[in-house]
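**Q** As they're listed, the protein sequences go chains A and B.
Under our numbering, the residue at position 68 of the first sequence is numbered 68, and the numbers go up by one with no gaps.
Under our numbering, the residue at position 138 of the second sequence is numbered 138, and the numbers go up by one with no gaps.
All C-beta atoms, glycine included, are put in the ideal place defined by N, C-alpha and C.
Note that the structure is a prediction, hence the values are computed from the model and not measured.
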Amino acid sequence: MSAPEPARLLPTAAVPQQAAPRLDVYPLTGRSGFRAVGEVSLPTRDIWERALERVVREAGDVGGEDVYYLELSAVTFVDVAGAGALADTTKNLGGGCRLVLDRPPDSLPRILGLLWPSLSGIEVSTS
Amino acid sequence: MTTATHPAEPFVHPALFYADTDQYLAGTVSFIRAGLAAGEPVAVAVPNENLALIQDALGADGDAVRFLDMREAGRNPGRIIPGVLRAFADAQPAGRRVHIIGEPIWAGRSPDEYPACAQHEALINAAFQGREVSILCPYDTSRLDERVLADAHATHPVVIPAGSTDELVSPAYDPDGVVARYNLPLPPAPGAGPEVFGAAFAEDSLSAVRHLATEHGARLGLAGTALENLALITAELTTNSVVHGGGTGTLTVWPQDGYVLCEVRDKGRLADPLAGRRPPARDQRGGRGLLLVNLLSDLVRVHTGPEGTTIRSYLGR
Numbered sequence: 001m002s003a004p005e006p007a008r009l010l011p012t013a014a015v016p017q018q019a020a021p022r023l024d025v026y027p028l029t030g031r032s033g034f035r036a037v038g039e040v041s042l043p044t045r046d047i048w049e050r051a052l053e054r055v056v057r058e059a060g061d062v063g064g065e066d067v068y069y070l071e072l073s074a075v076t077f078v079d080v081a082g083a084g085a086l087a088d089t090t091k092n093l094g095g096g097c098r099l100v101l102d103r104p105p106d107s108l109p110r111i112l113g114l115l116w117p118s119l120s121g122i123e124v125s126t127s
Numbered sequence: 001m002t003t004a005t006h007p008a009e010p011f012v013h014p015a016l017f018y019a020d021t022d023q024y025l026a027g028t029v030s031f032i033r034a035g036l037a038a039g040e041p042v043a044v045a046v047p048n049e050n051l052a053l054i055q056d057a058l059g060a061d062g063d064a065v066r067f068l069d070m071r072e073a074g075r076n077p078g079r080i081i082p083g084v085l086r087a088f089a090d091a092q093p094a095g096r097r098v099h100i101i102g103e104p105i106w107a108g109r110s111p112d113e114y115p116a117c118a119q120h121e122a123l124i125n126a127a128f129q130g131r132e133v134s135i136l137c138p139y140d141t142s143r144l145d146e147r148v149l150a151d152a153h154a155t156h157p158v159v160i161p162a163g164s165t166d167e168l169v170s171p172a173y174d175p176d177g178v179v180a181r182y183n184l185p186l187p188p189a190p191g192a193g194p195e196v197f198g199a200a201f202a203e204d205s206l207s208a209v210r211h212l213a214t215e216h217g218a219r220l221g222l223a224g225t226a227l228e229n230l231a232l233i234t235a236e237l238t239t240n241s242v243v244h245g246g247g248t249g250t251l252t253v254w255p256q257d258g259y260v261l262c263e264v265r266d267k268g269r270l271a272d273p274l275a276g277r278r279p280p281a282r283d284q285r286g287g288r289g290l291l292l293v294n295l296l297s298d299l300v301r302v303h304t305g306p307e308g309t310t311i312r313s314y315l316g317r
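See below:
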């Protein structure tokens, strides 16, 4: 029953050769953190995780209390694994640091609330 | 049948059969009052009309009880263990027995929903094994069909016959058998047509199929949060196929009754029947994709076997 049924697939619905999804990350000027442009999904997961690891490393170098901004207004999509990387980041940052998600896609705070309900150290800014 | 004793297993999971309102209230209200009298946490998740009956009967004593409309909270049976039962049980202080009334099966459950309901009832046993928890499941003998009542004898180790207070061991108890029996092939998705989007995918087309599926969902009438949910569900199911299900799969999105259905087929096998039904462990990294699909969908049906796995999510329009 689970055998593929290629005949029922629409030949016209074949996936167009769309450009691979991108995620570009730029450091912020004037405050700590980064701006991301693109989407966070399996093909771009490594880029996202490396950017978040850099945040944790910088926080360790500076030490003490700090706020990190992730400017996400140009991020179109974040999947569960991408949200999980954010949850890990807030844990790894430790108590003194906060992560502010600046204008994330609507679904991201919703995923975090559903799947990481007791997460602290993360804030959402919509302005 | 003999009178039940629970010498070793702390988890208690009786089916309460009832034929009328008096029997319903006799069985449920005594269960609730026993929990309250012991100073232990009590939750009631039943269809709204039954919720009102119980609330009326309890009066002010109901202030200490957590009430949930199961028609809403448990519309998708796959959501009930993580989103209702364990969400309540896990939030209580350790060392006190937790009491829950859960009525996931009512007369209006559709033929599409019922197999997921039966599997849910069976999987409660594995999900709560070893826990100091009692979950009482009422079954309306006047309105549910024979097959449903027979299944309740297989999904509950203990049964309370209609009009009785006796807790009897169920000789038919066989939860694994129920999980396997309702692991049913799904009726084929419709073939080509203007309302059907179908595509094969692999890692390099994950993003493209998500976009196309979401555009199709919008054409079928999804908007706002429901459309976001379709994008998330598509992403998690197709990514699971790429990472765990053999690397490729097929995605189909189409309308059926008042729903948009999103189905992913791949060559993998889902070995863990509780996948997507455990609440997230605090430090566990992955494995939340199917949980999200269960939390967001109005119904999730799964068929898995040596030939592969099909997961079908229903989203209300």
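At a Cβ threshold of 9 Å, is Val-80 (chain A) touching chain B?
**A** On the first sequence, residue 80 (chain A) is found 80 positions in, with the first residue counted as 1. Yes, Val-80 (chain A) lies at the interface with chain B (some Cβ there is under 9 Å from its Cβ).
**Q** Just the C-alpha distance for Pro-104 (chain A) and Trp-106 (chain B), rounded to the nearest angstrom, thanks.
**A** By one-based count along the first sequence, residue 104 (chain A) stands at place 104. By one-based count along the second sequence, residue 106 (chain B) stands at place 106. Taking the straight line joining both Cα atoms gives about 40 Å.
**Q** According to DSSP, Val-55 (chain A) sits in a beta bridge with which residue or residues?
**A** In the first sequence, the residue the question calls residue 55 (chain A) occupies position 55. Answer is none; Val-55 (chain A) lacks a bridge partner.
**Q** Taking only the alpha-carbon atoms, compute the straight-line gap between His-156 (chain B) and Ala-202 (chain B) and give it to the nearest angstrom.
**A** Within the second sequence, the letter at position 156 stands for residue 156 (chain B). Within the second sequence, the letter at position 202 stands for residue 202 (chain B). Distance between the alpha carbons of His-156 (chain B) and Ala-202 (chain B): 42 Å.
**Q** On the DSSP letters alone, give me the boundaries of the beta strand (DSSP E) that Glu-123 (chain A) sits inside.
**A** Here residue 123 (chain A) refers to the residue found at position 123 when the first sequence is read from its first residue. 122 to 125 is the extent of the beta strand (DSSP E) around Glu-123 (chain A).
**Q** Quick one: residues in its chain with C-beta nearer than 7 Å to the C-beta of Ala-81 (chain A), no 5 flanking neighbours on either side, listed in chain order?
**A** If you number the first sequence from 1, residue 81 (chain A) lands on position 81. Taken in chain order, the residues that qualify are Arg-45.
**Q** Would you verify that the beta carbon of Leu-72 (chain A) is, or is not, closer than 9 Å to some beta carbon of chain B?
**A** Position 72 of the first sequence, counting from 1, holds the residue named residue 72 (chain A). Closer than 9 Å: no.
**Q** Work out the CA separation of Arg-31 (chain A) and Thr-304 (chain B) for me, nearest whole Å.
**A** For the purposes of this step, residue 304 (chain B) is taken as the residue at position 304 of the second sequence. For the purposes of this step, residue 31 (chain A) is taken as the residue at position 31 of the first sequence. The alpha-carbon atoms of Thr-304 (chain B) and Arg-31 (chain A) are separated by roughly 50 Å.
**Q** Going by other Cβ atoms of all chains shown within 10 Å of its Cβ, with 16 needed for buried, is Ala-37 (chain B) buried or exposed?
**A** Here residue 37 (chain B) refers to the residue found at position 37 of the second sequence. By the 10 Å Cβ count, Ala-37 (chain B) comes out exposed.
**Q** Evaluate Pro-11 (chain A) with the Cβ neighbour count: other Cβ atoms within 10 Å of its Cβ, from every protein chain shown; 16 or more gives buried, anything less gives exposed.
**A** Taking the first residue of the first sequence as position 1, residue 11 (chain A) is located at position 11. Reliability fails at Pro-11 (chain A), whose pLDDT of 42 lies under 50, so the model's placement of it is uncertain and no value is given.
**Q** In whole angstroms, what is the alpha-carbon distance linking Glu-9 (chain B) and Ala-154 (chain B)?
**A** In the second sequence, counting from the first residue as 1, residue 9 (chain B) sits at position 9. In the second sequence, counting from the first residue as 1, residue 154 (chain B) sits at position 154. About 17 Å.
**Q** Leu-212 (chain B) and Val-293 (chain B) look like a contact to me (Cβ under 8 Å); what is the Cβ gap, rounded to whole Å?
**A** By one-based count along the second sequence, residue 212 (chain B) stands at place 212. By one-based count along the second sequence, residue 293 (chain B) stands at place 293. Incorrect: roughly 19 Å between the Cβ atoms, too far for contact.
**Q** Quick one: give me the first and last residue of the beta strand (DSSP E) that Gln-129 (chain B) is part of.
**A** What you label residue 129 (chain B) is simply residue 129 of the second sequence in a count that begins at 1. Segment: none, Gln-129 (chain B) is in no beta strand (DSSP E) and carries neither H nor E.
**Q** Touching or not, the region 254 to 266 of chain B and the region 274 to 282 of chain B, by the rule of three or more beta carbon pairs under 8 Å?
**A** At 8 Å Cβ cutoff, the stretches do not touch.
**Q** Does the beta-carbon distance from Thr-239 (chain B) to Leu-251 (chain B) come in below 9 Å?
**A** Your numbering for residue 239 (chain B) matches position 239 in the second sequence. Your numbering for residue 251 (chain B) matches position 251 in the second sequence. No. Outside cutoff.
**Q** Answer with yes or no whether the minimum CB distance from Asn-76 (chain B) to chain A is below 9 Å.
**A** Locating residue 76 (chain B) in the second sequence gives position 76, where the first residue counts as 1. Judged by the 9 Å Cβ criterion, Asn-76 (chain B) is not in contact with chain A.
**Q** Distance, Cα to Cα, Val-179 (chain B) vs Gly-163 (chain B)?
**A** Against the second sequence, residue 179 (chain B) aligns to sequence position 179. Against the second sequence, residue 163 (chain B) aligns to sequence position 163. The straight-line gap from Cα to Cα measures roughly 29 Å.
**Q** Does DSSP classify Thr-252 (chain B) as helix, strand or coil?
**A** Counted from its first residue, the second sequence places residue 252 (chain B) at position 252. In the structure shown, Thr-252 (chain B) sits in a strand (DSSP, three-state: E or B).
**Q** Which residues does DSSP list as the beta-bridge partners of Phe-77 (chain A)?
**A** The residue given as residue 77 (chain A) occupies position 77 in the first sequence. Answer is A:Glu-39.
**Q** Using 9 Å as the limit for Cβ to Cβ distance, is Ile-111 (chain A) near chain B?
**A** Start at 1 with the first residue of the first sequence, and residue 111 (chain A) comes out as number 111. Chain B contact via Cβ: present.
**Q** Within 10 angstroms of its Cβ, does Glu-71 (chain A) collect 16 or more other Cβ (buried), or is it exposed?
**A** Sequence index remark: in the first sequence, residue 71 (chain A) carries index 71 (1-based). By the 10 Å Cβ count, Glu-71 (chain A) comes out buried.
**Q** Roughly how many angstroms lie between the CA atoms of Glu-53 (chain A) and Thr-89 (chain A), to the nearest whole one?
**A** Here residue 53 (chain A) corresponds to residue number 53 of the first sequence, with the count starting at 1. Here residue 89 (chain A) corresponds to residue number 89 of the first sequence, with the count starting at 1. Those two C-alpha atoms are separated by around 7 Å.
**Q** Can you find a CB in chain A that lies within less than 9 Å of the CB of Gly-247 (chain B)?
**A** Position 247 of the second sequence, counted from the start, is the residue given in the question as residue 247 (chain B). So no, Gly-247 (chain B) is outside the interface.
**Q** Does Asp-204 (chain B) get closer than 9 Å to chain A when you measure Cβ to Cβ?
**A** The count along the second sequence starts at 1 and reaches residue 204 (chain B) at position 204. It does; some Cβ of chain A falls within 9 Å.
**Q** Within 9 Å of any Cβ in chain A, is that where the Cβ of Ala-223 (chain B) sits?
**A** Within the second sequence, residue 223 (chain B) is the residue found at index 223, counting from 1. Not one chain A Cβ lies under 9 Å of Ala-223 (chain B).
**Q** What would DSSP say about Ser-107 (chain A), mapped onto helix, strand or coil?
**A** Looking up residue 107 (chain A) in the first sequence gives position 107. Of the three classes helix, strand and coil, the one that applies to Ser-107 (chain A) here is helix, per DSSP.
**Q** Closer than 7 Å, Cβ to Cβ, to anything on chain A: give me those residues from the region 226 to 239 of chain B, in chain order.
**A** So the close ones are Glu-228, Ala-231, Leu-232, Ala-235, Glu-236 and Thr-239.
**Q** Chain B beta carbons: is any one of them nearer than 9 Å to that of Ser-120 (chain A)?
**A** Taking the first residue of the first sequence as position 1, residue 120 (chain A) is located at position 120. Cβ-Cβ to chain B under 9 Å: no for Ser-120 (chain A).
**Q** Tell me the DSSP bridge mates of Glu-263 (chain B)?
**A** Counting from 1 along the second sequence, the entry for residue 263 (chain B) is found at position 263. DSSP lists B:Thr-252 and B:Arg-312 as partners of Glu-263 (chain B).
**Q** For Asp-61 (chain B) and Ala-89 (chain B), I'd like the C-alpha separation in whole angstroms.
**A** Residue mapping note: residue 61 (chain B) aligns to position 61 of the second sequence, counting from 1. Residue mapping note: residue 89 (chain B) aligns to position 89 of the second sequence, counting from 1. Distance between the alpha carbons of Asp-61 (chain B) and Ala-89 (chain B): 20 Å.
**Q** Out of curiosity, what's the CA-to-CA distance linking Asn-183 (chain B) and Ile-135 (chain B)?
**A** The residue given as residue 183 (chain B) occupies position 183 in the second sequence. The residue given as residue 135 (chain B) occupies position 135 in the second sequence. When rounded, the distance between both Cα atoms is 24 Å.
**Q** In three-state DSSP terms, what is Thr-29 (chain A)?
**A** In the first sequence, counting from the first residue as 1, residue 29 (chain A) sits at position 29. Note: Thr-29 (chain A) maps to coil in three-state DSSP.
**Q** Consider the Cβ of Arg-181 (chain B): report whether some Cβ of chain A lies at a distance smaller than 9 Å.
**A** Taking the second sequence and counting its residues from 1, one reaches residue 181 (chain B) at position 181. Taking Cβ atoms only, chain A never reaches closer than 9 Å to Arg-181 (chain B), which makes this a no.
**Q** Consider the Cβ of Val-260 (chain B): report whether some Cβ of chain A lies at a distance smaller than 9 Å.
**A** For the purposes of this step, residue 260 (chain B) is taken as the residue at position 260 of the second sequence. Chain A, which has no Cβ nearer than 9 Å to the Cβ of Val-260 (chain B), makes this no.
**Q** Please state the DSSP three-state secondary structure of His-211 (chain B).
**A** Walking along the second sequence from the start, residue 211 (chain B) turns up at place 211. Three-state DSSP puts His-211 (chain B) in a helix.
**Q** If you draw a straight line from the C-alpha of Glu-131 (chain A) to the C-alpha of Phe-77 (chain A), how long is it?
**A** For chain A, the structure presents residues 1 to 127; residue 131 (chain A) sits outside this window and is missing.
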